[in-house]
Amino acid sequence: MKKINLGILGGGQLGSMLCMAAKKLNIYTIVWSDDPVSPAKDFSDEFIFSNYNNSEKINYFAKKVDKITFEFENIPFDILDKLNSIKEVLPKPQINKIVQNRILEKDFVNNQNIKTTEYKKVSKKEDLMSNADLLPAMLKTATLGYDGKGQFKLNNLEDCKSISLSKNTNYILEKLVNLKKEISVIVTRFKKNEYEIYEPFENRHEDQILRVSKIPANISKEHFSQSIEYAKKISEKLDYVGTLCVEFFIDDKDNLLVNEIAPRVHNSGHMTINSHNVSQFENHIRAVCGLEKIKILKLYNAEMTNILGKEIIKFKGKKLQNNEFFFDYLKKEIKEKRKMGHFTEINKIND
Ligand code: ADP
Ligand code: MG
9 MKKINLGILG
19 GGQLGSMLCM
29 AAKKLNIYTI
39 VWSDDPVSPA
49 KDFSDEFIFS
59 NYNNSEKINY
69 FAKKVDKITF
79 EFENIPFDIL
89 DKLNSIKEVL
99 PKPQINKIVQ
109 NRILEKDFVN
119 NQNIKTTEYK
129 KVSKKEDLMS
139 NADLLPAMLK
149 TATLGYDGKG
159 QFKLNNLEDC
169 KSISLSKNTN
179 YILEKLVNLK
189 KEISVIVTRF
199 KKNEYEIYEP
209 FENRHEDQIL
219 RVSKIPANIS
229 KEHFSQSIEY
239 AKKISEKLDY
249 VGTLCVEFFI
259 DDKDNLLVNE
269 IAPRVHNSGH
279 MTINSHNVSQ
289 FENHIRAVCG
299 LEKIKILKLY
309 NAEMTNILGK
319 EIIKFKGKKL
329 QNNEFFFDYL
339 KKEIKEKRKM
349 GHFTEINKIN
359 D
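Just so we're aligned: the sequence shown equals residues 9 to 359 in this note's numbering.
In structure tokens:
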């Protein structure tokens, strides 16, 4: 069989882990990133460094690969679309148009009869003042945010008055949810009604950044099955191919609300490398490259902790027990709160 060449846009740690999974499946990876010191550079078979809007590189990349996917959802839609006209991009670029924008994303979710927190579009100060009934609230840029970047908590009218909004920027004002718990569901969809779904992960965030994820999640049977149903419905409606994550809030009245959709492999699923027979990364590659679907099986319970900033120093060279796994993203520069690696502990399933 001819070896498959897989093109991956974006070169962060998700790209590295996709490359490792591809290696296991004997798939050749070509990573394209606009950062010359991308972590995935050292894990890919071939690495392209250039801005994504370089038309020469677009043609070179698209001709060289058999399939294209991405590890970073904020690649401009026009570029994904152009690439898709030469070689198939999966998941489909049209999906990004919706999920790249927090307003369109929440409109889409509500249109499926799935609840989110209340929200309003905001583009100027007056919009903030006229939607004060949503306070306390989170104000987020409609596009391009991650790990809490571009987010501001507004407690009262004073906060609204003092915040300065950038010109020509759309924001979403989201009613603050009284969080009881956060969970996420990761689904890999292969085609119509064919998917593999991991059980919900329970997530704890600190300063809007994921800190710890674990399975099993300490949630009710109803939330367990409802969150899986919602993730399935969302992936089906988007005609999604590959791995997708739906992040949920459970509020203090036990309402299950969708927070956001990540059209890619997701931080909360890193433990699947060690806890399951097939990881979220391998599943993504299998789906995108049209390989066989394997029934997933949980082998262990697990807990994954993100290693942020300087914390990485003490992990390098740490002696590990045989149920502990440390992943160093090998980032060249330590920055405060930057995801530098993760640590997974697996434990026997007691049923
Ligand atoms: P990102 O794209 O950075 O992951 P999210 O919208 O998922 O952005 O927000 C990150 C975290 O911030 C959430 O997981 C949650 O802990 C907190 N958060 C965001 N929006 C709200 C909200 N409306 N109510 C309560 N907590 C929120
Ligand atoms: Mg999030």
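Even for Gly, the Cβ is constructed at its ideal location relative to N, Cα and C.
Please look up how many angstroms separate the CB atoms of residue i and residue j, rounded, as I've assumed it's under 8 Å.
i: Glu214; j: Ile304; result: Their Cβ separation, rounded to whole angstroms, is 29 Å, which puts Glu214 and Ile304 out of contact at 8 Å.
i: Ala145; j: Leu181; result: 5 Å
i: Thr196; j: Thr251; result: 5 Å
i: Ile38; j: Glu54; result: 4 Å
i: Ile83; j: Gly18; result: 7 Å
i: Ile191; j: Ile258; result: 7 Å
i: Gly20; j: Pro47; result: 6 Å
i: Glu353; j: Glu332; result: 5 Å
i: Phe85; j: Pro99; result: Their Cβ separation, rounded to whole angstroms, is 13 Å, which puts Phe85 and Pro99 out of contact at 8 Å.
i: Leu264; j: Gln216; result: Not really, about 20 Å apart at Cβ, beyond 8 Å.
i: Phe57; j: Ser41; result: 6 Å
i: Lys71; j: Ile12; result: Not a contact, Cβ separation roughly 15 Å.
Pick from the options: whose alpha carbon is nearest that of residue i?
i: Lys261; options: Val273, Thr251, His231 and Tyr238; result: His231
i: Gly277; options: Ser58, Val130, Leu17 and Met25; result: Met25
i: Leu142; options: Leu184, Lys114, Lys326 and Val254; result: Leu184
i: Leu246; options: Ile302, Arg219, Asn201 and Met279; result: Asn201
i: Val220; options: Lys189, Ser235 and Ile106; result: Lys189
i: Arg272; options: Thr313, Ala295 and Glu79; result: Glu79
i: Phe198; options: Glu341, Ala295, Ile16 and Gly325; result: Ala295
i: Lys324; options: Tyr337, Asn330 and Glu134; result: Tyr337
i: His350; options: Ile236, Ser131, Met312 and Leu218; result: Met312
i: Asn358; options: Phe334, Ile223 and Asn121; result: Ile223
i: Val73; options: Asp115, Lys49, Ile16 and Lys128; result: Ile16
i: Asn211; options: Cys27, Glu81 and Met279; result: Met279
i: Gln120; options: Glu81, Lys105 and Ile242; result: Ile242
i: Lys90; options: Glu300, Asn118 and Phe69; result: Phe69
i: His274; options: Glu300, Ile302, Val193 and Leu328; result: Val193
i: Glu344; options: Phe335, Ile321 and Ala140; result: Ile321
Along the chain, where does the beta strand (DSSP E) containing residue i start, and where does it finish?
i: Lys188; result: Leu187 to Lys199
i: Met279; result: First-last for Met279: undefined, no H or E at that position.
i: Arg219; result: Ile217 to Ile223
i: Glu54; result: Glu54 to Phe57
i: Ser41; result: Tyr36 to Ser41
i: Ala270; result: Leu264 to Ala270
i: Ala239; result: Unbroken run through Ala239 is the alpha helix (DSSP H), Lys229 to Lys245; no beta strand (DSSP E).
i: Lys347; result: Lys347 to Asn355
i: Asn309; result: Asn309 to Leu316
i: Phe160; result: Gln159 to Leu162
i: Leu17; result: Asn13 to Leu17
Go to residue i, then tell me how far its alpha helix (DSSP H) extends in each direction, as first and last residue.
i: Phe90; result: This sequence places Lys at residue 90; Phe is not what is there. Taken as a continuous stretch (DSSP letters only), the alpha helix (DSSP H) holding Lys90 covers Phe85 to Ile94.
i: His292; result: Gln288 to Val296
i: Gly23; result: Gln21 to Lys32
i: Asn67; result: Ser63 to Lys72
i: Ala140; result: Neither: Ala140 is in no alpha helix (DSSP H) and is coded neither H nor E.
i: Arg110; result: Arg110 to Asn119
i: Asn176; result: Here Asn176 belongs to no alpha helix (DSSP H), and DSSP marks it neither H nor E.
i: Ile106; result: Pro101 to Val107
i: Ile320; result: Glu319 to Phe323
With respect to 6 Å, is the separation between the Cβ of residue i and the closest non-hydrogen atom of the ligand FAD below this value?
i: Asp135; result: No copy of the ligand FAD occurs in the structure displayed; its ligands are the ligand ADP and the ligand MG alone.
Practice item. For the region 280 to 297 and the region 27 to 36, state whether three or more C-beta atom pairs, one from each stretch, are separated by less than 8 Å. Key: The answer is yes - the region 27 to 36 touches the region 280 to 297, with three or more Cβ pairs under 8 Å.
Touch check for the region 145 to 153 and the region 103 to 113: three-plus C-beta pairs under 8 Å?
Touching, yes, given that three or more Cβ pairs across the two stretches are closer than 8 Å.
Exercise. Count the CB pairs spanning the region 152 to 166 and the region 303 to 320 that are closer than 8 Å, and state whether there are at least three.
Key: No: fewer than three Cβ pairs fall under 8 Å.
>> Measuring CB atoms only, is the region 167 to 182 touching the region 208 to 227, in the sense that at least three cross pairs come out at less than 8 Å?
In response: Not touching, per the Cβ criterion.
- Message: Using a Cβ distance threshold of 8 Å, determine whether the region 158 to 175 contacts the region 94 to 103, with at least three qualifying pairs required.
- Response: With a cut-off of 8 Å, the region 94 to 103 and the region 158 to 175 do not count as touching, because too few Cβ pairs lie within range.
Go through the residues and name those whose CB comes closer than 6 Å to any heavy atom of the ligand ADP, in chain order.
Sorted by position in the chain, Thr125, Met146, Gly153, Tyr154, Asp155, Gly156, Glu182, Leu184, Val185, Leu187, Glu190, His213, Gln216, Glu255, Asn267 and Glu268 make up the residues whose C-beta lies under 6 Å from a heavy atom of the ligand ADP.
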